[in-house]
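Protein chains in written order, with our numbering: chain P, 2 to 309; chain X, 1097 to 1459.
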């Protein structure tokens, strides 16, 4: 394997991992507040279709990305209203949101299939791009990839080193205790849900505006679900989400690269690696009751009823 | 099945009930023929399912209110498909097209339950008294694409994004390799299996992985235009699949091998209306207008385009046949002798690569 090939693989790894990273960061924050939103796929697709339509009509990628996030937020608010105000089951609501988003995005996007747009171009950071091996991987990407680095840093700092992050975790661990000491449980969970929606919308926009600049029904092809698995895989730690997203990215391109090179490795085997890893992590986590209690937010998936 | 498709089915169902109620009062001849279509992908894929839906629309345009069409898209291959096909048959559809290989067994099962309904299954090989098959000889178009690719490549590396290792896909890869063997034996065909008919992200990844390895012409047997776009971005050539993909890569687009299903659908509907339909294996290609190459990239040298057109003309009149002997397999053994041809029954079961392909078929 020569240097060029490794450079290219690393570059593709980051690019492939980016949409996963963005969605997973949103879902991580959401789950830290004790809310399990399985609607990632639906929110991504809505972000993808809205971002694409807006960019196609306005010619502005920036506007496309912003409205993709707005679409994600609106979708997440539907989820928020149903689970928070009506105390509906989060799992069922999230699943419904995915089904709804898949259908609605197909419906509003049907007129826009087969229309090309100019996608987001990479921005090369001078000098650094030319570094061997890691240059292209870290400094030859497009703006959303750079943004994903920043988002990771922000989420990492927020969860681990900030006071609002502490509030978020307290709400996710025990909303009743948090409520008793006067923390705003509802507000915190709403904000977390909205952040999750914005990230899913952004990731969707990334797919339809940068990754493959086109709209096609169901184009996220299960990436929202992979992101959900990723959060579990990462045992709710931001730094592991980052590594996991890139690892999933690597696994999903490696079997393509190997086939092109003519290696006799079963492509099917390579393709299942990320999922296998998730299952293994799940088994390890659940084999030890104390450990699994420690890593997952205690009240994940439980609705909160404010008691007077 | 998604909500809107479900709605569509329900509306179709309700309409069907109303119509059958009406028909008892009015003359029976006025009943429209109800035609159902089952698609594996979204009609918005701009590829395989999209083209089938174009065919459905041309049936509507041709027969007007003499037909009533229903479609169900995004149907998973397997148990789900059987339920969908059963529902269509149950709701009074007289003719049902199922348009993906994996619908073969479900279609056969339902066909046995509804002997009075006519079924046609695309790309399969199982038949019954009321179940016919139809398939396009996509390999004819692929062969022409393989020829053009062999002439425009500079790196002598040609990429092929493949979906699943089923005979139809293997056969088309072979058609391209046979064109390479004949016109540019130095060219190497790199095959990448993505294990999906439709995943734009993955198709683009595969295209990029190939281009990283020096491929400068990409062919695909998957349904999204993502590879075409990736090729356009990096300034190489690509061949469109199923529908005309030129808008996704004005410079990259060499040509598209387009499936036109309309002619077959119109012929079949007419045969069912006239009562002349019988179960058979309909194999149609360039001659029948089912496989079309709408245009060539202007940057292809004129003599190459001219020869490609000769090939098309030859395929139409039968003088050119991609699978004419001598053909050797990967081990170098002669499988088809000089002067012989692989007939369609053999091609339907093709599970081996021809000489020149270096990789193995995934098991």
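All C-beta atoms, glycine included, are put in the ideal place defined by N, C-alpha and C.
(request) Note the first and the last residue of the continuous beta strand (DSSP E) segment covering residue 1258 of chain X. (result) It spans 1253-1258 - the beta strand (DSSP E) in which residue 1258 of chain X sits, taken as one unbroken run.
(request) May I ask you to report which of helix, strand or coil DSSP gives residue 290 of chain P? (result) Helix at residue 290 of chain P.
(message) Strictly below 9 Å CB to CB, what residues from chain P border residue 1142 of chain X?
(response) Here the neighbours are 114, 115, 215, 217.
(message) Distance check for residue 1172 of chain X and residue 1225 of chain X, CA to CA, integer angstroms please.
(response) In a straight line, the C-alpha of residue 1225 of chain X is about 26 Å away from that of residue 1172 of chain X.
(request) From the DSSP output, in three-state form, read off residue 1437 of chain X for me. (result) DSSP places residue 1437 of chain X in strand when its eight states are reduced to three.
(message) Quick check: the Cα distance between residue 1439 of chain X and residue 1205 of chain X, rounded to an integer number of angstroms?
(response) Rounded to whole angstroms, the gap between the alpha carbons of residue 1439 of chain X and residue 1205 of chain X is 28 Å.
(request) Compile a chain-ordered list of the residues in the stretch 1277-1292 of chain X whose CB is closer than 9 Å to at least one CB of chain P. (result) Against chain P - using a Cβ distance shorter than 9 Å - the residues of the stretch 1277-1292 of chain X are 1286, 1287, 1288, 1289, 1290, 1291, 1292.
(request) Spatial neighbours of residue 250 of chain P within its chain, please: CB distance less than 6 Å, with the 5 preceding and 5 following residues excluded, ordered by chain position. (result) Cβ neighbours of residue 250 of chain P beyond the five flanking positions: 14, 17, 18.
(request) Go to residue 1288 of chain X, then tell me how far its alpha helix (DSSP H) extends in each direction, as first and last residue. (result) First-last for residue 1288 of chain X: 1284-1289, but that is the beta strand (DSSP E), not the alpha helix (DSSP H).
(request) Mark residue 1372 of chain X as exposed unless 16 or more other C-beta atoms lie within 10 angstroms of its C-beta, in which case mark it buried. (result) With fewer than 16 other Cβ atoms within 10 Å, it is exposed.
(message) Rounded to whole angstroms, what is the Cα-Cα separation between residue 1306 of chain X and residue 39 of chain P?
(response) A direct Cα-Cα distance of roughly 34 Å separates residue 1306 of chain X from residue 39 of chain P.
(request) Consider the Cβ of residue 102 of chain P: report whether some Cβ of chain X lies at a distance smaller than 8 Å. (result) So, not an interface residue.
(request) Scan the stretch 1340-1354 of chain X for residues whose Cβ lies nearer than 7 Å to a Cβ of chain P and list them as they occur along the chain. (result) Result list: 1343, 1344.
(message) Cutting at 7 Å between CB atoms, please list the residues of its own chain near residue 1106 of chain X, excluding the five before and the five after it.
(response) With a pLDDT of 45 at residue 1106 of chain X, under the threshold of 50, the modelled position of that residue is not reliable, and no figure is offered here.
(message) Between the stretch 1126-1134 of chain X and the stretch 1154-1165 of chain X, can you find at least three pairs of beta-carbon atoms closer than 8 Å?
(response) With a cut-off of 8 Å, the stretch 1126-1134 of chain X and the stretch 1154-1165 of chain X count as touching, because enough Cβ pairs lie within range.
(request) Return the bridge partner residues of residue 1355 of chain X from the DSSP annotation. (result) Residue 1355 of chain X is bridged to X:1387.
(message) According to DSSP, is residue 1209 of chain X part of a helix, a strand, or is it coil?
(response) It is helical.
(message) I want to verify the contact list: residues of chain P whose CB lies under 8 Å from the CB of residue 1301 of chain X, in sequence order.
(response) 13, 17, 253, 254, 257, listed in chain order.
(request) Please name the residue or residues paired with residue 1132 of chain X in a DSSP beta bridge. (result) For residue 1132 of chain X, DSSP records a beta bridge to X:1166, X:1192.
(request) Give the straight-line distance between the Cα atoms of residue 1245 of chain X and residue 125 of chain P, rounded to the nearest whole angstrom. (result) The C-alpha of residue 125 of chain P is placed about 32 Å away from the C-alpha of residue 1245 of chain X.
(message) Between the alpha carbons of residue 1358 of chain X and residue 1181 of chain X, how many angstroms are there, rounded?
(response) If you take the alpha carbons of residue 1358 of chain X and residue 1181 of chain X, they lie about 21 Å apart.
(message) To the nearest angstrom, how far is the alpha carbon of residue 1119 of chain X from that of residue 223 of chain P?
(response) For residue 1119 of chain X, the pLDDT reaches just 39, beneath the cut-off of 50, and the residue's location in the model is therefore unreliable, although a value from the coordinates is still provided. Looking at the two C-alpha atoms, the distance is approximately 45 Å.
(message) Would the stretch 67-77 of chain P count as touching the stretch 192-209 of chain P if we require 3 or more Cβ pairs under 8 Å?
(response) Yes, since at least three Cβ pairs between the stretch 67-77 of chain P and the stretch 192-209 of chain P fall closer than 8 Å, the two stretches touch.
(request) Could you list the residues in the stretch 1231-1265 of chain X with a C-beta less than 7 Å from some C-beta on chain P, going in chain order? (result) Against chain P - using a Cβ distance shorter than 7 Å - the stretch 1231-1265 of chain X contributes no residues.
(message) Under 7 Å, CB to CB, which of the residues in the stretch 129-141 of chain P have a partner in chain X?
(response) Cβ contacts with chain X come from no residue of the stretch 129-141 of chain P.
(request) Kindly give me the distance between the Cβ atoms of residue 156 of chain P and residue 29 of chain P, rounded to whole angstroms, as I take these residues to be in contact under 8 Å. (result) Yes, they are in contact, since the Cβ atoms of residue 156 of chain P and residue 29 of chain P sit about 7 Å apart, within 8 Å.
(message) Measuring only the C-alpha atoms, how far is residue 1331 of chain X from residue 120 of chain P?
(response) Cα to Cα, the separation comes out at about 15 Å.
(request) Measure how close the beta-carbons of residue 1422 of chain X and residue 1239 of chain X come, nearest whole angstrom, since I'm counting them as under 8 Å. (result) Wrong, their Cβ atoms sit about 16 Å apart, outside the cutoff.
(message) At a CB distance below 8 Å, what residues from the stretch 67-96 of chain P approach chain X? Give them in sequence order.
(response) Among the residues of the stretch 67-96 of chain P, none has a Cβ less than 8 Å away from any Cβ of chain X.
(request) With DSSP collapsed to three states, give me the class of residue 1224 of chain X. (result) Here residue 1224 of chain X carries a strand assignment [DSSP, helix/strand/coil].
(message) So with CB distances below 8 Å, who are the chain X contacts of residue 262 of chain P?
(response) Chain X residues near residue 262 of chain P: 1309.
(request) Measure the C-alpha to C-alpha separation of residue 1321 of chain X and residue 1255 of chain X and round it to an integer number of angstroms. (result) Cα-Cα distance, rounded: 15 Å.
(message) Considering only DSSP beta bridges, list what residue 1336 of chain X is partnered with.
(response) Paired residue(s): X:1352.
(message) Our contact map puts residue 108 of chain P next to residue 57 of chain P with C-beta atoms below 8 Å; I'd like the distance itself, whole angstroms only.
(response) With a beta-carbon spacing of about 17 Å, residue 108 of chain P and residue 57 of chain P fall beyond the 8 Å limit used to define contacts.
(request) Closer than 9 Å by beta-carbon distance: list the chain X residues that pair up with residue 149 of chain P, in chain order. (result) Chain X residues near residue 149 of chain P: none, gap ~16 Å exceeds 9 Å.
(message) For residue 63 of chain P, count the other beta carbons within 10 Å of its own beta carbon; 16 or more makes it buried, fewer makes it exposed. Which is it?
(response) Around the beta carbon of residue 63 of chain P, a 10 Å sphere encloses fewer than 16 other beta carbons of the protein chains shown; the residue is thus reported as exposed.
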